[in-house]
Amino acid sequence: MTISLTAFSYRHLQRLRTVFYAALMVMCFADQAASASALYTVENVEVDVTADNAVQARKKAFVEAQVKAYQMLSERLLAEDPQAKIEELDADAISYLVQDFEVTKEQLTAKRYKGNYTIRFRSDAFKKKAVAQGRSYTDLPRGAILVLPYYQSAGNTILWSPMNPFMAAWARAPKSGDPMSSIVVPIGDIDDVAAVNEYSPLSYDPSRFEKMRSRYGAKDAMIVLVAPEMSPDGRETLKLSLYNAAPNGPEFSGQFTVEGEMGEATQSLYDRAVTQTKQQFKSEWKNETAITTNTLGTINAVMPFGTMRDWIESKRTLESVSGINAIRVTKLSPRQASMDIDFVGELARLNRALQRSGIIMTSSEGQYGKVYTLRRQAFPPVHTNGSTQRNNNPYGNTVYPPQAPVSVYQ
Numbered sequence: 013m014t015i016s017l018t019a020f021s022y023r024h025l026q027r028l029r030t031v032f033y034a035a036l037m038v039m040c041f042a043d044q045a046a047s048a049s050a051l052y053t054v055e056n057v058e059v060d061v062t063a064d065n066a067v068q069a070r071k072k073a074f075v076e077a078q079v080k081a082y083q084m085l086s087e088r089l090l091a092e093d094p095q096a097k098i099e100e101l102d103a104d105a106i107s108y109l110v111q112d113f114e115v116t117k118e119q120l121t122a123k124r125y126k127g128n129y130t131i132r133f134r135s136d137a138f139k140k141k142a143v144a145q146g147r148s149y150t151d152l153p154r155g156a157i158l159v160l161p162y163y164q165s166a167g168n169t170i171l172w173s174p175m176n177p178f179m180a181a182w183a184r185a186p187k188s189g190d191p192m193s194s195i196v197v198p199i200g201d202i203d204d205v206a207a208v209n210e211y212s213p214l215s216y217d218p219s220r221f222e223k224m225r226s227r228y229g230a231k232d233a234m235i236v237l238v239a240p241e242m243s244p245d246g247r248e249t250l251k252l253s254l255y256n257a258a259p260n261g262p263e264f265s266g267q268f269t270v271e272g273e274m275g276e277a278t279q280s281l282y283d284r285a286v287t288q289t290k291q292q293f294k295s296e297w298k299n300e301t302a303i304t305t306n307t308l309g310t311i312n313a314v315m316p317f318g319t320m321r322d323w324i325e326s327k328r329t330l331e332s333v334s335g336i337n338a339i340r341v342t343k344l345s346p347r348q349a350s351m352d353i354d355f356v357g358e359l360a361r362l363n364r365a366l367q368r369s370g371i372i373m374t375s376s377e378g379q380y381g382k383v384y385t386l387r388r389q390a391f392p393p394v395h396t397n398g399s400t401q402r403n404n405n406p407y408g409n410t411v412y413p414p415q416a417p418v419s420v421y422q
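Numbering (the working numbering), first residue to last: 13 to 422.
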């Protein structure tokens, strides 16, 4: 009897390959779980309570920490709604939402307890509670935002100059540690200066800008223009316009005004402008990506790939996309995967979530209905549009679109 070494080797390699892919899948699920857990983890919950004795103080502190953490998580994930307030839940209801907790920096006396809690909530339970309350929520992280804070005065715009008080305010702003988003301010090195036009902020080369955004590890880039004015009573006022630095050109995002208080220092005013801008980023993102129901939708999708390793990496990316509940591979060929994808929320939100992960989704009519094709996002095309021209004060007398609504913060 003759044994085929080639056949034996092939079967052996097949088994090894199967084990290797299975191990990679386990790693994918672990990364996905860790990412989701961070969103529902509230850190630095400080409590300081007194009671008749130390035991009661400690119990009271734990209850207070859970309530406080729930409020902080609600502010992080629930969409903005002027007509709705965060519903106050009793301690038992909140305890049901808690998965586990840690406590550090404990200080205990006869009648007083101080501690710093980290509380992790059960994501499914929190989302069900939000929907039951009639509230919409988002668990789609925005990631890092690259902010370019331009200062305009007397018809001139500056960015990198040390005379830019708005840049200085962003540079000294404290880090938030928010898992939903973070702020990145460019350092102004030679690569940064070459990437953007200091004198014409809304004219840029998307290819250079994309490289700059990628260099800082940011998901988005925002151009923020500030123009100071003086009110008749001598108070300084800041008018801000926000633009999303999109690959195809700037997109107007919003506008608001920060009014100075009588006798307020300039530095304090610009610090408040930074705080309000960050809040604007958060509010707009939550409202754009909100989920109003936990009802599942399903799409039939195909994803082409070059190698099996490309597919493993692509599937790993898909499994980490916010809102995707399950991926069922129905067919796998050497160059394409067919699958059913279960997701929560609207299809438009899924599309945005995929884009955040670098995946472009298109649709076409198939034999049994609509089929969605998923592809890795390509590098944006280069558009010059005269972006290399140094035009000072390209806006004329104002940087603000006349139709834009203005919000006022005092």
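Built from N, CA and C at the ideal position, the CB exists for glycine as well.
DSSP places R387 in the strand class (E or B) of the three-state scheme. The segment 55-73 makes no contact with the segment 137-144; the number of CB pairs closer than 8 Å stays below 3.
Excluding residues up to 5 positions away in sequence, P161, Q279, Y282, D283, A285, V286 lie with their Cβ nearer than 8 Å to the Cβ of A181 in the same chain. Judged by DSSP secondary structure, A207 falls within the alpha helix (DSSP H) whose first and last residues are 202-207. Contiguous beta strand (DSSP E) elements confined to the segment 244-321 occur at 248-258, 261-271, 308-316, taking only those with 3 or more residues. Its chain contains L386 as the residues whose beta carbon lies nearer than 6 Å to that of I371, once the 5 sequence neighbours on both sides are disregarded; these appear in chain order. For M224, the three-state secondary structure derived from DSSP is helix. In its chain, beyond the 5 residues on either side, A91, E92 have a beta carbon closer than 7 Å to the beta carbon of N299. I199 counts as exposed, since fewer than 16 other beta carbons sit within 10 angstroms of its beta carbon. Within a 10 Å sphere around the beta-carbon of A365 sit 16 or more other beta-carbons, which makes this residue buried.
Taking the CA atoms as reference points, M192 sits about 29 Å from N312.
Between the alpha carbons of E55 and L158 lies a distance of about 25 Å.
Separation of G261 and L214 (C-alpha to C-alpha, rounded to the nearest whole angstrom) is 8 Å. The beta-carbon separation of D352 and R340, rounded to 5 Å, stays under the 8 Å limit for a contact. For I170, the enclosing beta strand (DSSP E) starts and ends at 168-170.
CA-CA distance, F293 to E118, rounds to 35 Å. In the three-state scheme derived from DSSP, where H, G and I count as helix and E and B as strand, Y216 is classed as coil. A distance of 8 Å or more separates the beta carbons of Q267 and M315. Burial check for L308: the Cβ neighbour count within 10 Å stays below 16, so the residue is exposed. Per DSSP, the continuous beta strand (DSSP E) segment holding Q164 begins and ends at 155-165. Within the DSSP bridge table, the entry for E241 names T249 as partners. The segment 167-177 makes no contact with the segment 147-154; the number of CB pairs closer than 8 Å stays below 3. The DSSP-derived three-state label of Y82 is helix.
DSSP places D104 within a helical segment (H, G or I) once states are collapsed to three.
Contact holds between the segment 269-278 and the segment 236-247, because three or more Cβ pairs, one in each stretch, are under 8 Å apart.
Residues of the same chain with a CB within less than 8 Å of the CB of V383, apart from the 5 flanking positions on each side, are N312, A313, V314, S375, S376, E377 in chain order. In the DSSP assignment, A338 falls within the beta strand (DSSP E) that extends over 336-344. Distance between V356 and L89, taken at the CA atoms: about 15 Å. By the CB criterion at 8 Å, V61 and Y125 fall inside the cutoff.
Using a 10 angstroms sphere on the CB of N337, the tally of other CB atoms stays under 16, which defines it as exposed. Taking C-beta separations shorter than 8 Å and ignoring five residues to either side along the sequence, the partners of A137 in its chain run Y108, L109, following chain order.
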